[in-house]
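> Just so you know, we're using the numbering used here here: the sequence shown kicks off at 5 and counts up by one.
Backbone N, C-alpha and C define an ideal beta-carbon position, used for all residues, glycine too.
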Amino acid sequence: MSPDLESRPHSCCKTLQQNCCHVKGTFGKFRWTPLTLTNPVPLGVSQASGNVDPGNMSASVKECLQLQLLEMEMLFSMFPNRGEIKLEDVNALTHVKRYLEGKREALPPKIEFVITLQIEEPKVKIDLQVTMPHSYPYAALQLFGRASELDRQQQLLLNKSLTSYIETFDQGELCVCAAIQWIQDNSASYVLNKKLVHEPSAQVKQVKNTFLRMWIYSHHIYQQDLRKKILDVGKRLDVTGFFMTGKPGIICVEGFKEHCEEFWHTIRYPNWKHISCKHAESIETEGNGEDLRLFHSFEELLLEAHGDYGLRNDYHMNLGQFLEFLRKHKSEHVFQILFGIESKNLES
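1) What separation, rounded to the nearest whole angstrom, lies between the Cα atoms of E75 and V180?
2) Consult DSSP for W276 and reduce its assignment to one of helix, strand or coil.
3) Could you compute how far the alpha carbon of N85 sits from the alpha carbon of P112?
4) Based on the DSSP output, what are the partners of T172 in its beta bridges?
5) Could you spell out the range, first to last residue, of the alpha helix (DSSP H) harbouring T249?
6) Using the C-alpha atoms, what's the distance from F329 back to L307?
7) My guess is that L162 and G149 are in contact by the Cβ rule of under 8 Å, so how many angstroms apart are they, rounded?
8) Could you give the distance in angstroms between the alpha-carbon of D174 and the alpha-carbon of H337?
9) Using CA atoms only, rank isn't needed, just tell me which of N275, C264, L145 is closest to F302.
10) Looking only at its chain, what residues have a beta carbon closer than 8 Å to the beta carbon of S139, apart from the 5 residues adjacent to it on each side?
11) Okay, do the region 127 to 135 and the region 97 to 105 touch, 3+ Cβ pairs below 8 Å being the bar?
12) Could you spell out the range, first to last residue, of the alpha helix (DSSP H) harbouring K232?
13) Can you tell which of H278, A143, K107 has its C-alpha closest to the C-alpha of Y226?
14) Would you mind working out which of E266, E92, E153, K90 sits nearest E125, comparing C-alpha positions?
15) Rounded to a whole number of angstroms, what is the C-alpha to C-alpha distance between F117 and H283?
Written out as structure tokens, the structure reads:
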């Protein structure tokens with residue numbers, strides 16, 4: 005039986021000079037209240053004037069990173085077993101610590117990780133993907149839960165509800181622990197009701213979702229790290245489509261609107277300038293959208309370069325081959341939208 009823990013100052017606050025509390029209840033072994041700054045100040049804003057202060061910006065980011073390390077320390081104490089927490093970058097916490105110690109000048113990469121949650125009743129495993137922006141807990145935490153026992157629609161409903169819950173927290177509050185507790189308390193209803201959602205006899209009102217397909221044009225896509233980022237984001241989210249490297253670079257992403265918009269936001273951040281969404285196709289659906297997909301997965305499209313470019317980094321892609329690819333996927337009409345020329349003119 006878990007012992008009751010009275011509200012008390014925690015030792016971690018001695019370094020940060022903040023207050024956090026344990027409260028009575030269970031969270032596996034503990035239940036944690038959100039941590040918050042005693043006197044939160046918006047990033048880069050002076051309390052006295054409200055004006056942006058570059059010096060204050062640096063201090064505030066460091067304060068946020070300190071709180072993030074504190075929350076990670078709590079998470080590792082709650083999930084001590086190997087594999088329960090998987091960092092996207094195994095050196096991420098080291099980079100943050102070196103930055104806070106002044107041994108690293110560049111801003112460290114964001115802390116991204118997956119927590120595997122074992123739900124006992126019903127028996128289900130949920131992977132919670134967490135991304136902490138540098139300014140979290142002032143900026144919104146990025147969360148996405150997935151489970152093989154849930155179909156796309158149920159997974160979407162779970163994440164919508166989780167997002168709505170997290171949005172109730174004030175700026176400055178750490179909320180990963182609260183998100184985990186919410187999933188443990190509420191995920192069972194999404195698993196148990198999965199069958200009812202799809203049975204006509206249950207007469208449950210179907211939830212309408214927007215299926216979206218975005219056609220994105222970039223001046224070029226060459227760099228290996230950018231290509232890896234695009235592919236990783238596409239694999240992480242429930243989207244299908246492709247991206248064509250070279251000059252120009254083309255990306256097609258399709259899936260539920262929320263997932264496509266998250267993909268679009270993620271790949272553009274922080275400084276991809278020569279990129280735009282040329283065309284978008286949307287349709288309302290009460291199903292899981294599988295019948296609307298033109299692609300079965302999200303992959304990199306590699307076509308022959310036009311001309312003899314060898315290993316140069318400025319190669320133009322063979323648009324004739326790309327047109328054939330679009331035809332195979334019932335998307336020939338997009339060619340003129342992307343390039344401003346009709347497909348028949350390319351063939352003549």
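Per the coordinate set shown:
1) 8 Å
2) Assignment of W276 by DSSP, reduced to helix, strand and coil, places it in the coil class.
3) Distance between the alpha carbons of N85 and P112: 26 Å.
4) None, per the DSSP bridge assignment.
5) Here T249 belongs to no alpha helix (DSSP H), and DSSP marks it neither H nor E.
6) Straight-line Cα distance between these residues: approximately 10 Å.
7) Correct: roughly 6 Å between the Cβ atoms.
8) 47 Å
9) C264
10) The residues are L47, S64, V65, C68.
11) no
12) 228 to 240
13) H278
14) E153
15) Note on geometry: alpha-carbon atoms of F117 and H283 lie some 33 Å from one another.
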